Amino acid sequence: MNIVFILAPLSLALGGCALAAFMWTLRSRQYEDPRGAAERILMDDSEEPG
Amino acid sequence: MAVTWDAASVPDMRAFVRREADGRASVELLVRGARCAACIAKIEKSVAALPGVTSARLNLSLGKLTVGLADGRADPARIIAALEGLGYEATLFEPGAARSERDREGRRLIIALAVAGFGAMNAMMFSVPLWAGLFGQELGPATRTLMMWLSGIVAAPCALYAGMPFFESAWRSLRVGRANMDVPISIGVILTLAISFSETLLNGRDAYFDAAVSLLFLLLIGRWLDHVLRGKARSAAADLLALQSPTATRIDGEGRERAIPLSDIRPGDRLRIRPGERIPVDGVLEDGASELDNSPLTGESAPEAVAAGAACRAGALNLTGLLTLRAAARPENSALAEIARLVEAGAQSRSRYVRLADKAAALYVPVVHATAALTFAGGWALGLGPREALIRAVAVLIVTCPCALGLAVPAVQVAASSRLFRRGVLVKSGAALERLAEVEHVVFDKTGVLTEGRPELLSADPAVVAAAAPLARASRHPLARAVARAAGPGPTAEQVVEHAGQGVEGVVDGRRARLGRAGFVGAAAGAEGETELWFAVEGGTPERLRFADRLRADAAATIAALKARGLTVEILSGDVPGAVEAVAGQVGVADWRAGLTPEQKAAAIDALSADRKVLMVGDGLNDAAALARAHAAIAPGSALEASQNASDIVLSGPELMTVVEAIEVARSARRVALENFSFSALYNVVAAPAAMLGFVNPFVAALAMSGSSLVVSLNAFRVGRSQ
């Protein structure tokens, strides 16, 4: 039963990480242009022609 | 009649540049037509390469290009010119304060939703062993208390944080002496948390921590979806308005032109008004001759000829010549202001409308809270301990969960609004759908609603139209555009010269030709008040092209569809009786009134509203007051800002038939919402006695709560599908 004292905080910490990650995506404006993000992945970053 | 379009003197638009504190500046543009990665790359690279531009970022979802400028002196007109060179239409966009306010509200909701989601999932983790314990599985009292504490420590802070939007709304409503749906939600959540903590402290069995947070989680999903959808509809409506370019062109002391926001106009300013632009403010003409379309102001469709010295009113559309206007008032003091006051008065009466959910809450709150109180008092009197009696009372509050009730209407409105959004109907508020479902009488404005609201070529010799088309395509004049539209795509004339206020001249098939005013082409002027254009090839006889405002293609079908649904239809117009009678006859409406002033229109709506619910469909400034007074109001996307603001539903497409569709969906939404209420009522009738008799434990409560919410949400998807 003592395993609970490790597992419960561990799972809470994992959940907290997920929450923090979501807040980060929100703060870094990742939901403001979903269509643009889908298209931008197709863009070539290289500047040289051809 | 054509006009010079001097591309070299594109007006200066620096007023739209937003300056940051650190000396940098930025400007926002609405870009049409960008679709793919190639567009993004092309636009961002070319704009970023312009001198004075530090960065360019296109938001493809919103169609907004944010351009960073090295300093406030860079000119946005060059950016627009560059974009037009690439083949994209661009307009300066002024993000209002209201939008950033909504952004903040949305952010708050999504963070509350995330916290509630975290709380619900993790509290559930500790609740599952507790539920298992309820069915006799081995769970020692010490472990149970530990699980309850863990559950409470996770759930309580999350519930208090995520519940803030509800608590605040409930408090606001209680302060004005009313109870909205957020009152039972707040009481339920707070009492549930309190009783669960006391049970935990007293080593009891009944802790409902997970129920409190998951209730908030489900409700926040509904609320957030609703917010996002409204935001989308509002920003689409704002984009429509931005396309009407809310700018004026001021001529400064040295004769230079400069685009300024309407709010910056001062009395005495000299303003340049091109054909196709609106008069931004009351004033006196200094120079130029033209015809004005007063239909947005008065509903009159016949253009008024004006020359230097004439007084013009804000809102009129300049049809033909280049004008210089001396502003006589500030925009907020012009003819518009009178209309704005009427709109405000009307909007107040509409804000007294009590929404369906709040009506339900007014019934629900006293009944459920009295039942809970009765359970406590009755249980105690009948020999239960005060603690057991209180737990039963709280169980009543929890299972008669305001959850299904709280979702009953928002879920339906989200489903209905998103259906309408896809069809080009922008619903700006939830109450609008409820009011629209109740309408019995529909009032149409004529000009711009039943008719196209722009000059269209009347039946003419196809050979003449085809011959004039190459010249017409070279001009941006509204009448020339109508000719170009009638002729369809084709070649453009060569060596085109536009003569200000006269017409356009060029070479078609090797011969010189002219399109413009009668005098310019060499013909005698036609009848007074006719909108016309003359076309002649060198040495040939001049041909006359006549224009009129044409009926919308689906106007008659729309009226017939409304009548088939049991609605009565009427036309209220400011135009002359002859024109109104003709349109009324064509669309099959027997009731019509003509020659009404804006005040008379508003009064007519008031009189009609005495015994029935009225829907007003209008677009002009003369309709704004009537729109605000009607029970529900719809404006087409071409409507002026005041009218769009006075209506809570805007049509973004050209079809009038979407009015019928909006009414259908609104009625269906009302039906489904009422179904949801009856389901919730039925559920409460079963659940409340069970809770009073003590059959409800935390596991049953959690099941019942999510079950009823799920049924209500799934039922919402039926909106508009029943036909």
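As given, the protein sequences belong to chains A and B, one line each in that order. Residues are numbered in this note's numbering as their position in the first sequence, beginning at 1, plus a constant of 210. Residues are numbered in this note's numbering as their position in the second sequence, beginning at 1, plus a constant of 13. Don't be surprised by glycine CBs; every beta carbon is placed ideally from N, CA and C. Note that the structure is a prediction, hence the values are computed from the model and not measured.
Residue-level contact by beta carbon fails for Ile216(A) and chain B, as no gap is shorter than 9 Å. Under the 9 Å criterion on CB atoms, Ile251(A) is classed as interfacial with respect to chain B.
Bounds of the alpha helix (DSSP H) holding Gly532(B) are 531-534. Of all residues in the region 161-189 of chain B, only Leu163, Val167 place a beta-carbon less than 8 Å from a beta-carbon of chain A.
Counting along the chain, Asp300(B) sits inside the beta strand (DSSP E) bounded by residues 296-300. For Gln508(B), the enclosing beta strand (DSSP E) has its first and last residue at 507-512.
The residue among Val550(B), Leu332(B), Glu304(B) with its C-alpha nearest the C-alpha of Ala320(B) is Glu304(B). For Ser303(B), the enclosing beta strand (DSSP E) stretches over residues 303-306. Under a criterion of Cβ atoms nearer than 9 Å, the residues of chain B adjacent to Leu229(A) are, in order, Ala127, Val128, Gly130, Phe131.
Val452(B) sits in coil when the DSSP states are folded into three classes, being neither helix nor strand. Per DSSP, the continuous alpha helix (DSSP H) segment holding Arg245(A) begins and ends at 244-250. Only those residues of the region 32-57 of chain B whose C-beta falls short of 7 Å from the nearest C-beta of chain A are listed: Cys49, Ala50, Ile53, Ala54.
Collapsing the DSSP output to three states places Val520(B) in a strand. Per DSSP, Leu71(B) is one residue of the beta strand (DSSP E) stretching across 66-72.
Under DSSP, Met629(B) forms a beta bridge with Val456(B), Ala646(B). The contact set of Ser221(A) on chain B, defined by CB atoms closer than 8 Å, consists of Asn135, Met138 in chain order. Here the C-alpha atom of Pro555(B) lies approximately 47 Å from the C-alpha atom of Leu78(B). Annotated three-state conformation of Pro293(B) is coil, per DSSP.
In the assembly as shown, Pro475(B) is an exposed residue. Its beta-carbon has fewer than 16 other beta-carbons within 10 Å. Nearest CB-CB separation between Ile123(B) and chain A: below the 9 Å threshold.
By the Cβ rule, the region 587-596 of chain B does not count as touching the region 681-698 of chain B, because fewer than three pairs are nearer than 8 Å.
The alpha-carbon separation between Ile251(A) and Ala342(B) amounts to approximately 52 Å. Taking a C-beta distance under 9 Å as the contact criterion, Ile56(B) and Thr205(B) do not qualify as a contact pair.
With respect to Arg559(B), Leu470(B) sits close: the two C-beta atoms are nearer than 9 Å. Boundaries of the beta strand (DSSP E) around Arg271(B): 270-274. In the structure shown, the three-state DSSP call for Asp84(B) is coil.
Look at Val732(B) here: in three-state DSSP terms it is coil, with no helix or strand label. Here the C-alpha atom of Thr384(B) lies approximately 12 Å from the C-alpha atom of Ala700(B).
Straight across, the Cα-Cα distance linking Asp562(B) with Val521(B) is about 29 Å. The residues Ala597, in chain order, have a CB closer than 8 Å to that of Ala603(B) in the same chain once the five nearest residues on each side in sequence are set aside. Assigned with DSSP and collapsed to three states, Ser39(B) falls in strand. Pairing Glu317(B) with Phe457(B) gives a Cβ-Cβ distance that is not under 9 Å. Of the candidates Ala607(B), Ala90(B), Ile166(B), Ala90(B) places its Cα closest to the Cα of Ile273(B). DSSP, reduced to helix, strand and coil, places Val44(B) within a strand of the structure shown. Partner residues in the beta bridge of Arg32(B), as assigned by DSSP, are Ala38(B).
The Cβ atoms of Leu664(B) and Val438(B) sit closer than 9 Å to each other.
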